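Asker: According to the working numbering, numbering within the sequence shown proceeds without interruption in unit steps and concludes at 1198.
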Amino acid sequence: MQTVFKEPPPEGWKHAEPIDAIPRGAWWEIYQIAELNALEEKVSVSNQNVLVAIAQYRQARDQVRIARAALFPTVTAAPNVVVSQANGAARTGSGAVFGGSQVTGTGTTGAGTTGTGATGAVSGSGGSRVNVDYSLPVDLAYQADVWGSIRRSVRGASDTAQASEADLENVKLMNQAQLAQLYFQLRGLDGDASLLQSALQLYERSLQLTKDRMQAGIASGADVAQAEAQLESTRAQYIDVGVARAQFEHAIAVLTGEPPAALSLPQNPLSMPPPPMPFGVPSELLERRPDVTAAERLMAAANEQIGIAQAAYFPTVNLNATGGFAASSLASLFTWPSRFWAVAPSLAETLFDAGKRHAQVDLERAAFDQTVASYRQTVLTALQQVEDQLAALRILEQEAQAEAAAVKAAQDALDIANEQYLAGTIDYLAVIIQQTTLLTAQRTALDILTRRLTASVLLIEALGGGWTGLTQP
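#1: What residues in its chain sit with their C-beta under 8 angstroms from that of E1124, if we drop five residues either side in the sequence?
#2: Return the residue from the list I1157, V789, R793, A1084 that minimises the CA-CA distance to A1037.
#3: Quick one: any contact between the stretch 974-993 and the stretch 935-942, if contact means 3 or more CB pairs under 8 angstroms?
#4: Could you pull the start and end residues of the beta strand (DSSP E) that Q868 belongs to?
#5: With a cut-off of 8 angstroms on the beta carbons, I'd call W752 and I1185 a contact; round off their distance for me.
#6: Distance check for L980 and R1013, CA to CA, integer angstroms please.
#7: Apart from the five residues just before and just after Q1136, which ones in its own chain have a Cβ nearer than 8 angstroms to its Cβ?
#8: In terms of residues, what are the limits of the beta strand (DSSP E) holding P1070?
#9: So, do the stretch 958-975 and the stretch 905-921 have three or more beta carbon pairs nearer to each other than 8 angstroms?
#10: Could you compute how far the alpha carbon of D1078 sits from the alpha carbon of Q1035?
#11: Below 6 angstroms CB to CB, which residues in the same chain sit around L934 once its five sequence neighbours on both sides are set aside?
#12: Which of helix, strand or coil does DSSP assign to G873?
#13: Take every Cβ of the stretch 864-875, pair it with every Cβ of the stretch 1044-1058, and state whether three or more of those distances are shorter than 8 angstroms.
#14: Apart from the five residues on each side of it in sequence, which residues of its chain come closer than 6 angstroms, Cβ to Cβ, to V1182?
#15: Measure from the alpha carbon of V777 to the alpha carbon of each residue in S1099, S889, E929, Q955, then state which is nearest.
#16: Quick one: residues in its chain with C-beta nearer than 8 angstroms to the C-beta of G1032, no 5 flanking neighbours on either side, listed in chain order?
#17: Between the alpha carbons of L932 and A950, how many angstroms are there, rounded?
#18: Looking at the unbroken beta strand (DSSP E) that takes in L1044, where does it start and where does it end?
#19: Please identify the residue among P998, A886, Q926, A811 whose C-alpha is closest to the C-alpha of S853.
#20: For W670, I'd like the list of residues in its chain whose CB is within less than 6 angstroms of its CB, leaving aside the five on either flank, ordered along the chain.
#21: Start and end of the beta strand (DSSP E) containing T1106?
#22: Does the stretch 1106-1125 come within contact of the stretch 1147-1154, defined as at least 3 CB pairs closer than 8 angstroms?
#23: Buried or exposed, going by whether 16 or more other CB atoms sit within 10 Å of the CB of E1144?
#24: Per DSSP, what kind of secondary structure is A802 in: helix, strand or coil?
#25: Would you tell me roughly how many angstroms separate the C-alpha atoms of R1022 and T885, rounded to the nearest one?
#26: How long is the line joining the alpha carbons of S1053 and A803, rounded to whole angstroms?
#27: What span of residues does the alpha helix (DSSP H) with I779 cover, start to end?
#28: At which residues does the alpha helix (DSSP H) containing M1024 begin and terminate?
#29: Hey, how far is the Cα of Q926 from the Cα of Q955?
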């Protein structure tokens, strides 16, 4: 069954195309606000949450390198110098120690020493002498990846690294979207402050007019008191806006990696409607959203763990070899007769483990099922978030049109009330009511505009933002 959005998409949306055709990059530039662009650029380089995710991604890439190293043999060297003193009567049959292991036997090395490996012959009777033995063994250890366990480990680490990269892009997108939301909310408060400031100027003039009319005997003291109450109440609202604005400004500073005291944004009220949104359909969410890709990569990594657990049923094939030089004098250490070598392949198989391997396979299968369910839930959540913001943009646009009509009607009613008050047909309370109604309608219209801009940011975030995709580590 084909999945489609319940909400009708905006004009210009179309069906999914190859991933290369999807717009990328700085998605916030569609708002055409230079100040917002400058703030967003700081998130990727200075935001501490992003830096944490970058460090985690680097760790995941290093895990790939560690896993890949197991495909190759391990070569170690242990140069050794042994200085010993033996009693003359107890020298016969002694062995020489090379690289931590004793070499014995009746064969002869190139130096002609019998029964002692590289230890030189000791002659004489009575007393003892000091012997110096030199050895340079090189050991090789290799586990043959016959059953693909190591290759699966590499693929699993690679899948995990790609999931970590997707997590990094998701952290960037979340912080960038949060900054844009905070910015528009701050500018919405700037609009509120501008409206309240204009209202204060109007109310001050109305208060002075009412005082003049009272002195002329046209208005009463009650009218003056009502005008003063309205003025001071509006002034308190204007001051209160400053509290929320300061908090938004501080939050923006932290998102850009700066202390709150280092950032100061001048007042700049909102005026523009949301720009047209980039296209997107359900299939593209599986290509664009980093959290969806991260969930899919984790599912792939969990699948590799099943194969690794199943490989434990088969024997392990190891190849060990050693070789090098050993001599009783440094001058003859690197001569051809001083060489030695040994090869020791081995095969190891677990014959009985009381069901441990079977339980491990079942464990990895259950973990895989968990990642599958998590992936499906992530996709469903992505579709829900897009639907939510599409609905919000559609409904808020209708609400904005209705509120614009309400603002116009409130302005007309206030103009009529002012004329009636000046004509003496109504008291000042009626004017105050109309002024309050107009201010409330204007602030509501501004709040709707802020919510529309915020919803547009959330929609871009739900569609995957400007994420550039995965890079194979």
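Where a beta carbon is used, it is the ideal one built from N, C-alpha and C, also for glycine. It should be emphasised that the depicted structure is a prediction, and the values quoted were computed from it without experimental measurement.
Answerer: Taking the geometry as given:
#1: Correct list, in chain order: I1173.
#2: A1084
#3: no
#4: 853-869
#5: In this structure, W752 and I1185 form a Cβ contact; the two beta carbons are roughly 5 angstroms apart against a cut-off of 8 angstroms.
#6: When rounded, the distance between both Cα atoms is 24 angstroms.
#7: Spatial neighbours of Q1136 in its own chain (CB-CB distance under 8 angstroms, excluding positions within 5 residues in sequence) are listed in chain order as L1163.
#8: 1064-1073
#9: yes
#10: 14 angstroms
#11: So no residue of the chain qualifies.
#12: In the structure shown, G873 sits in coil (DSSP, three-state: anything other than H, G, I, E or B).
#13: yes
#14: A902, A905, Q906
#15: S889
#16: G873, S874, R877
#17: 9 angstroms
#18: Its beta strand (DSSP E) spans residues 1041-1052.
#19: A811
#20: In this structure the chain extends from 726 to 1198, so residue 670 is not present and cannot be described.
#21: Careful: T1106 lies outside any beta strand (DSSP E), inside the alpha helix (DSSP H) at 1081-1148.
#22: Between the stretch 1106-1125 and the stretch 1147-1154 there are fewer than three inter-stretch CB-CB distances shorter than 8 angstroms, so the stretches are not counted as touching.
#23: exposed
#24: Correct three-state label for A802: strand.
#25: 6 angstroms
#26: 17 angstroms
#27: Residues 773-794.
#28: 1015-1036
#29: 12 angstroms
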